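Residue numbers (our numbering), protein chains in the order written: chain A, 86 to 465; chain B, 2 to 163.
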Amino acid sequence: MRLSERARDLPESGIRKFFELAEARDDVISLGVGEPDFSAPWAARTAAIDSLERGRTSYTANRGMLELREAIADHHRRYDQVYDPESEIVVTTGASEAVDLAFRALVDPGDTVAIHEPAYISYGPGVDLAGGERLPVRTRAEDDFVLTPEVLSEAGAEDADLLVLCYPNNPTGATMDADELADVAAFCREHDIRVIADEIYAALTYGSDHDSIATQPGMRERTVVINGFSKAYAMTGLRLGYAMGPAEAIDAMNRIHQYTMLSAPTTAQYAAIEALRSCDDEVTEMVKEYDRRRNYVHSRFREMGLDCFEPKGAFYAFPQPGGDDEQFAEDLLEEQGVAVVPGSVFGEGGAGHLRVSYATSMRELKAATDRIEAFLADRD
Amino acid sequence: MNDEREVLDVLTTNARESAADIAAQTGLDEEAVEAAIASLEREGIVHGYQAVVDWDRTDEEKVRAVVEVNVELDRETGYEEIADRIAKFPATHALHLVSGDYDFAVEVEGASMQDVSRFISEQVAPMPEVTQTVTHYIMETYKDGGIRFEDGDDDDRLSVSP
Ligand SMILES: Cc1ncc(COP(=O)(O)O)c(C=O)c1O
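What follows is the structure, encoded as structure tokens:
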């Protein structure tokens, strides 16, 4: 069948190749997984089951159940994010849909969208599909992968129409504090740049609480904040996310959403209400466990002389073994059966690095880091 | 206590973690970890370290029971004294004073059902303060010491994902 040019031009994600290589073997310890190893909190799961037992299997309001939007609004007050549940929140099928809606609602053909790299793999293709032009902005290892006005300028982002900001970051584990965000906010105000802030890892920070660029002066009206339940509540398979922003942006996103999705999964919405209502303790426990693993992985890498800055959020470490990261990852898989994702999959800025997910049990992390140590020793 | 609390969090998950690994996980240094463990032991906060065993998977016969024990206290004898006596038996695996319909919940371990029932009828029931015992043999153990007994790895996540 003849395909659209747009579809033909859309490249296969670099993740795919490593997925296939890893699947082809059965002795693999995978540090390549981008989702929690926990299951959703039991209370959230029973809420989903209850809703099914009560026969709640119809569509919801396009924007999502009001009760859920109210719970989301309440939840975000902890980050000083204040949004009206009636007009400023739309519930989506995963943060993924929210990212797509934001591009479609905010990008005109030819608009320039600045994306800091290394970054989550969906943004670039999302911009392509919306007809925008990608402008990669390389964050630097020596800045701990924080976005700065300097690198924005270097990349020529003054002319950008839109900036995608993802902190805590996948794949680097970097976070940005209020001062660092203030600098980027000033740049955006000065050059009239709108922001899509993907904050899906907001709940997973270690040592200090998440800060949102939307709470910087003058930023709320130019920012769409995206978040979801996948990471914080270990609900990836339930496919539920949301966007918060100025009413006109959310309204536009909702108009697209009402034609393309109608409403987000109803069962998941029931689970999500319960997650927000009663699962803070479970999230705290998960964060504690991730933190122990983070410390462990980071300290093991340091011991084995593998260059790695201290990740502060999400569940990734981003060590830099140097040389060709794809080759390194392939060899590591081949020789030691450890799967990691080469950093260059996340854009050129990731070259030379590896994304190591610590969303896996301590036992596996130990075995995997031992194997990585043996691999490095063999190479020397 | 903060260091101790963090060390305790790790030990209660896996008591076999080495001091070096605990240090790596908590960000403490190894000496601090060792000091915390020593102090936890000294203060009687940590009483010991044991394997969590699924005996049903061994060839060995091992019978466990939860025994409800009712007692009547008198002026001379309190719960402590009675607990002291019940706890002394090696067959007593765990002993708790509980609220509700009975006083003590005793976890008893023996080589056979006969073994366990003999222990109860010959050692526990005859104690003058004990008015009644009810023995529940454990038929199946699904979880113990916070660990679910099942066939390991049911990780059904994709091995590599974005
Ligand atoms: C940065 C980032 N944004 C969005 C997503 C997609 O999340 P969801 O499951 O809510 O679609 C992911 C998932 O890996 C992610 O890492």
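We put the beta carbon where it would ideally sit given N, CA and C, even for glycine.
Bear in mind that the values here come from a model prediction, so they are computed numbers and not experimental data.
{"Check": "How far does the beta strand (DSSP E) with B:G111 in it reach, from first residue to last?", "Outcome": "F105 to G111"}
{"Check": "Rounded to the nearest angstrom, what separates A:D262 and A:F188 at their Cα positions?", "Outcome": "25 angstroms"}
{"Check": "For ligand 1, any of its heavy atoms closer than 8 angstroms to the Cβ of A:K316?", "Outcome": "yes"}
{"Check": "How about A:Y318 and A:A360: do their beta carbons lie closer than 9 angstroms?", "Outcome": "yes"}
{"Check": "Which first and last residues belong to the alpha helix (DSSP H) in which A:G99 is found?", "Outcome": "G99 to E108"}
{"Check": "What residues of chain B sit near A:Y205, judged by a beta carbon separation below 9 angstroms?", "Outcome": "P163"}
{"Check": "Just verifying my parser: in three-state terms, what is the DSSP assignment at A:R87?", "Outcome": "coil"}
{"Check": "Say yes only if the C-beta of B:P163 is nearer than 8 angstroms to one or more non-hydrogen atoms of ligand 1, and no if none qualify.", "Outcome": "yes"}
{"Check": "What separation, rounded to the nearest whole angstrom, lies between the Cα atoms of A:L214 and A:V175?", "Outcome": "21 angstroms"}
{"Check": "Check the C-beta distance from A:T197 over to A:G216 and give it rounded, since I have them as a contact under 8 angstroms.", "Outcome": "Contact doesn't hold; Cβ gap of about 12 angstroms is too wide."}
{"Check": "Name, going along the chain, the residues of the segment 293–306 of chain A whose beta-carbon falls closer than 8 angstroms to a beta-carbon of chain B.", "Outcome": "none"}
{"Check": "So, under 8 angstroms CB-CB, A:G179 and A:L325 are touching, yes? Tell me the CB distance rounded to an integer number of Å.", "Outcome": "7 angstroms"}
{"Check": "Could you check the C-alpha separation between A:E419 and A:C393 for me, to the nearest Å?", "Outcome": "23 angstroms"}
{"Check": "For A:L232, which residues of its own chain have a beta-carbon under 6 angstroms away from its beta-carbon, when the five flanking residues on both sides are left out?", "Outcome": "H201, T224 and V269"}
{"Check": "Could one say the Cβ of B:S160 lies closer than 9 angstroms to chain A's Cβ atoms, at least one of them?", "Outcome": "yes"}
{"Check": "Taking 6 angstroms as the limit between beta carbons, can you name the residues of its chain near A:L186, skipping five residues before and five after?", "Outcome": "M338, I341 and H342"}
{"Check": "Name the chain A residues that come within less than 8 angstroms of B:V11, Cβ to Cβ?", "Outcome": "R377"}
{"Check": "Using a threshold of 8 angstroms, is the CB atom of A:S384 nearer than that to any non-hydrogen atom of ligand 1?", "Outcome": "no"}
{"Check": "Give the interface partners of A:I285 over in chain B, defined as CB-CB distance under 8 angstroms, in chain order.", "Outcome": "By Cβ distance, chain B contributes nothing, its closest Cβ being about 12 angstroms from A:I285, past 8 angstroms."}
{"Check": "Are three or more beta carbon pairs between the segment 283–302 of chain A and the segment 156–168 of chain A nearer than 8 angstroms?", "Outcome": "yes"}
{"Check": "Let me know the beta strand (DSSP E) ranges lying completely inside the segment 262–317 of chain A, each 3 residues or longer, listed in chain order.", "Outcome": "279–283 and 308–313"}
{"Check": "Bridge partners of A:S115, per DSSP?", "Outcome": "A:A424"}
{"Check": "Look at the alpha carbon of A:S384 and the alpha carbon of A:T131, and state the distance between them as a whole number of angstroms.", "Outcome": "38 angstroms"}
{"Check": "Using a Cβ cut-off of 8 angstroms, which residues of the segment 349–362 of chain A contact any Cβ in chain B, in chain order?", "Outcome": "none"}
{"Check": "In chain order, what residues of the same chain lie with their CB nearer than 6 angstroms to the CB of A:G422, ignoring the 5 residues before and after it?", "Outcome": "D112 and V113"}
{"Check": "Residues in the same chain with beta-carbon distance under 6 angstroms from B:N71, minus the five sequence neighbours each way, listed in chain order, please.", "Outcome": "Y103, D104, T132 and Q133"}
{"Check": "Check whether the Cβ of A:A424 lies closer than 9 angstroms to any Cβ atom in chain B.", "Outcome": "yes"}
{"Check": "Around the Cβ of A:K397, are there at least 16 other Cβ atoms within 10 angstroms (buried) or fewer (exposed)?", "Outcome": "buried"}
{"Check": "Going by the beta-carbon positions, is the gap between A:F400 and A:Y375 smaller than 9 angstroms?", "Outcome": "yes"}
{"Check": "Is A:R286 near ligand 1, in the sense that its beta carbon is under 8 angstroms from a heavy atom of that ligand?", "Outcome": "With the sequence shown as reference, residue 286 of chain A is identified as Tyr, and Arg is not the correct amino acid for it. Checking every heavy atom of ligand 1 against the Cβ of A:Y286, one is found closer than 8 angstroms."}
{"Check": "So what does A:G398 bridge to, in DSSP terms?", "Outcome": "A:T290"}
{"Check": "Could you check whether the Cβ of B:Y50 sits closer than 8 angstroms to any heavy atom belonging to ligand 1?", "Outcome": "no"}
{"Check": "What residues from the segment 182–208 of chain A come within 8 angstroms of chain B, judged by C-beta to C-beta, listed N to C?", "Outcome": "Y205, I206 and S207"}
{"Check": "Could you name the residues of the same chain whose beta carbon sits closer than 7 angstroms to that of A:G209, not counting the 5 residues immediately before and after it, in chain order?", "Outcome": "I200 and R219"}
{"Check": "With a threshold of 16 other CB atoms inside 10 Å of the CB of B:H97, please say whether the residue is buried or exposed.", "Outcome": "exposed"}
{"Check": "So if I threshold CB-CB distances at 9 angstroms, which residues from the segment 380–395 of chain A count as touching chain B?", "Outcome": "N380, Y381, V382, H383, S384, R385 and E388"}
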